[in-house]
DNA sequence: CCATCTTTGTGCACGCGTTCACAAAGACAT
DNA sequence: ATGTCTTTGTGAACGCGTGCACAAAGATGG
Ligand SMILES: NC(=O)c1ccc[n+]([C@@H]2O[C@H](COP(=O)([O-])OP(=O)(O)OC[C@H]3O[C@@H](n4cnc5c(N)ncnc54)[C@H](O)[C@@H]3O)[C@@H](O)[C@H]2O)c1
Ligand SMILES: NC(=O)c1ccc[n+]([C@@H]2O[C@H](COP(=O)([O-])OP(=O)(O)OC[C@H]3O[C@@H](n4cnc5c(N)ncnc54)[C@H](O)[C@@H]3O)[C@@H](O)[C@H]2O)c1
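Protein chains in written order, with our numbering: chain F, 1 to 255; chain X, 1 to 255.
This is the structure in structure tokens:
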């Protein structure tokens, strides 16, 4: 069951901290918006506000990429867009396969934001033979039997899993065996992968449960305040909100 | 534009660290599976393997909830399921509204994992008048005009935003004004919310970009190895993989 | 050319989270 | 009852991430 692998604490990729990497897409999005409005330069303060982060943090993040700013002026928007894109590897094309074309898989296939930035849906794959050939979002669904061939032919290195949880590990194993080294997993399971394969997960259920926790806590504080303080009308007054640290990086690791 | 709010660094909720809260749902899932197999007790080592975490971390996490383990034996599965459920606020019912019933919103509405654990879809809301009344996943879609009424009548405190990015902030404002204090945002935008409101985001595009970064890095190292080492056949051999730290907590913060 | 003003880049300190390692607690056998 | 063996609970050390605060850099104006 357990592969008995030791977990390495997120080796700093190339001087760029993981937390910074997770924020780069955020900056890129804000910068792209500025670029579309033909804004030539932006200060760390402005950009930080747009991205929802601390300006010092932003400057430190950029300092890992090199010094692209001009003191007294700010950062050149276009240049920064290019630098971040390059750093994230978005200047090249990443073919992606989506496995499991059900409700969610179909939604993902239809998602426009995919193609917009270097990602190309190379294939849609499903185990249901009845779906084979049917186009979803203009792309014909292919049967799972073709999985290995597709991945090897197109040189796919990123796979998205949107199958039921029970099938996820098996699909994952096949993807990895065929050469995929990065997986985005929507199924609510912990995936077991060999070293060298990155897994990131998106788990709706977990997100909701975390929200519920804070929601309950707010309600609890509110109630406490109401009982301690005389019978004032019930008003929500959580004395300390946290919106959760922004330091993203949601991923799994395996046993 | 920016509300100029200062970001508080994730106030420790009640002695329970944010990182721990983010892992509780993971433990709960693993425990539920054990419970269904009628496993009476589990050791920290086993459970940690199932949840994909370090056993010491798991024990420390549980220690924040109190001491529910028995030395030499392990943890009582049923009891732990109950304790974690209670801690997460899953023993009560959380009505949730989904706003924006397009590709993604419909998929979410159809998602079974919602109801399974304390979450109930109270309403589906869309701005498209043509959709009003049409049932999605057995629930009739209601028009945005009804938003405030629905939230207040049903006492909804959790909202899911699945509208296009352009509408997200506006929808968010209305949700908050109507009384929602927790938001799960699927739109690729930084949401601005007043203090006391929790926002978590799920951003497919960002996840893919992070994967692309690591993918590029692996390719780079591979290439470097190939050029330094004599012309051996190209084989992927990333010398240090990180699967990303598991310390989840993907959320936004606002400017 | 010098002064002033803006904004970057970063040294530093602090706090959170992770992990190791081990003492204490309890189960179980004798 | 006593000893052994397993597993918890946690003290302590360490490393990463964050944010403050400021010196240096450069732009701009006189
Ligand atoms: N729908 C959502 O909003 C949502 C939200 C969060 C998580 N999820 C998770 O995403 C996954 C998919 O959800 P969904 O609602 O789209 O489910 P779904 O049942 O609609 O779709 C699953 C698809 O996977 C296919 N499939 C099954 N086994 C397969 C295999 N071995 N190889 C290839 N394809 C296979 C099925 O034919 C089906 O088309 C589930 O694990 C679910 O828990 C869904
Ligand atoms: N589809 C995906 O897989 C996916 C993935 C990641 C992110 N997203 C994001 O999720 C959001 C929704 O994606 P989608 O593919 O479902 O888009 P979609 O266009 O299919 O659906 C959007 C829905 O929102 C409704 N809407 C628009 N404005 C509204 C308003 N003010 N109030 C209420 N409803 C409103 C529209 O009528 C439509 O039904 C987008 O922001 C998208 O970027 C989608």
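Glycine included, every Cβ here is placed at the ideal spot set by N, Cα and C.
Same chain, Cβ closer than 6 angstroms to residue i, five either side skipped, listed in chain order
| i | result |
| --- | --- |
| residue 127 (chain F) | 144 |
| residue 20 (chain F) | 61 and 64 |
| residue 26 (chain F) | 51 |
is_contact[residue i, chain X] using C-beta, thresh 9 angstroms
| i | result |
| --- | --- |
| residue 126 (chain F) | no |
| residue 174 (chain F) | no |
| residue 62 (chain F) | no |
| residue 37 (chain F) | no |
| residue 315 (chain F) | Past the edges of chain F, shown from 1 to 255, lies residue 315 (chain F), and the structure says nothing about it. |
| residue 117 (chain F) | yes |
| residue 258 (chain F) | In the structure as shown, chain F begins at 1 and stops at 255. Residue 258 (chain F) is therefore absent and cannot be evaluated. |
| residue 161 (chain F) | no |
| residue 200 (chain F) | yes |
| residue 148 (chain F) | no |
| residue 71 (chain F) | no |
| residue 141 (chain F) | no |
| residue 52 (chain F) | yes |
| residue 196 (chain F) | yes |
| residue 43 (chain F) | no |
| residue 92 (chain F) | yes |
| residue 232 (chain F) | Low local confidence applies: a pLDDT of 35 at residue 232 (chain F) is under 50, so the model's placement there is unreliable, with the coordinate-based value given in what follows. Judged by the 9 angstroms Cβ criterion, residue 232 (chain F) is not in contact with chain X. |
Neighbourhood of residue i by C-beta distance below 7 angstroms, restricted to the same chain and skipping five residues each side
| i | result |
| --- | --- |
| residue 109 (chain F) | 98, 101, 121, 124, 136, 137 and 139 |
| residue 131 (chain F) | 101 and 141 |
| residue 79 (chain X) | 68 |
| residue 73 (chain F) | 41 |
| residue 93 (chain F) | 118 and 120 |
Alpha helix (DSSP H) segment containing residue i, residue limits
| i | result |
| --- | --- |
| residue 62 (chain F) | 55 to 65 |
| residue 79 (chain F) | 77 to 88 |
| residue 29 (chain F) | 18 to 36 |
| residue 192 (chain F) | It is not in any alpha helix (DSSP H) - residue 192 (chain F) carries neither H nor E in the DSSP assignment. |
| residue 92 (chain X) | From DSSP, residue 92 (chain X) is part of no alpha helix (DSSP H); its letter is neither H nor E. |
| residue 171 (chain X) | 165 to 178 |
| residue 49 (chain X) | 44 to 51 |
Any C-beta of chain F under 9 angstroms from that of residue i
| i | result |
| --- | --- |
| residue 82 (chain X) | no |
| residue 65 (chain X) | no |
| residue 88 (chain X) | yes |
| residue 256 (chain X) | Any answer about residue 256 (chain X) is impossible in this case: the structure gives chain X only from 1 up to 255. |
| residue 183 (chain X) | yes |
| residue 203 (chain X) | yes |
| residue 22 (chain X) | yes |
| residue 120 (chain X) | no |
| residue 218 (chain X) | yes |
| residue 25 (chain X) | yes |
| residue 34 (chain X) | no |
| residue 190 (chain X) | yes |
| residue 167 (chain X) | no |
From the options, residue whose alpha carbon lies closest to that of residue i
| i | options | result |
| --- | --- | --- |
| residue 177 (chain F) | F:188, F:166, F:165 and F:192 | F:192 |
| residue 200 (chain F) | F:208, F:174, F:166 and F:158 | F:158 |
| residue 213 (chain F) | X:219, X:160, X:134 and X:118 | X:118 |
| residue 146 (chain X) | X:91, X:104 and X:129 | X:129 |
| residue 194 (chain X) | X:183, X:160 and X:208 | X:183 |
| residue 151 (chain F) | F:175, F:160 and F:171 | F:175 |
| residue 154 (chain F) | F:77, F:30, F:180 and F:219 | F:180 |
| residue 32 (chain X) | X:77, X:71 and X:17 | X:77 |
| residue 148 (chain X) | X:173, X:211, X:168 and X:104 | X:173 |
First and last residue of the uninterrupted beta strand (DSSP E) at residue i
| i | result |
| --- | --- |
| residue 201 (chain X) | 198 to 201 |
| residue 159 (chain X) | 158 to 161 |
| residue 126 (chain X) | 119 to 126 |
| residue 39 (chain X) | Counting along the chain, residue 39 (chain X) falls outside any beta strand (DSSP E), and DSSP gives it neither H nor E. |
| residue 182 (chain X) | 182 to 185 |
| residue 150 (chain F) | Residue 150 (chain F) -> not in any beta strand (DSSP E); alpha helix (DSSP H) instead, spanning 147 to 154. |
| residue 139 (chain X) | 139 to 143 |
Residues near residue i by beta carbon distance below 8 angstroms, same chain, minus five either side
| i | result |
| --- | --- |
| residue 248 (chain X) | Confidence is the limiting factor: at residue 248 (chain X) the pLDDT is only 37, short of 50, which leaves the residue's position unreliable and the question unanswerable from this model. |
| residue 75 (chain F) | 41, 42, 43, 44, 47, 62, 68 and 69 |
| residue 259 (chain X) | Nothing about residue 259 (chain X) can be read from this structure; chain X reaches only from 1 to 255. |
| residue 17 (chain F) | 64 |
Expected contact under 8 angstroms - CB spacing of residue i and residue j to nearest Å
| i | j | result |
| --- | --- | --- |
| residue 82 (chain F) | residue 204 (chain X) | Residue 82 (chain F) to residue 204 (chain X), Cβ: 23 angstroms. No contact. |
| residue 85 (chain F) | residue 28 (chain F) | 7 angstroms |
| residue 165 (chain X) | residue 189 (chain X) | 5 angstroms |
| residue 89 (chain X) | residue 215 (chain F) | 6 angstroms |
| residue 160 (chain X) | residue 202 (chain F) | Wrong, their Cβ atoms sit about 14 angstroms apart, outside the cutoff. |
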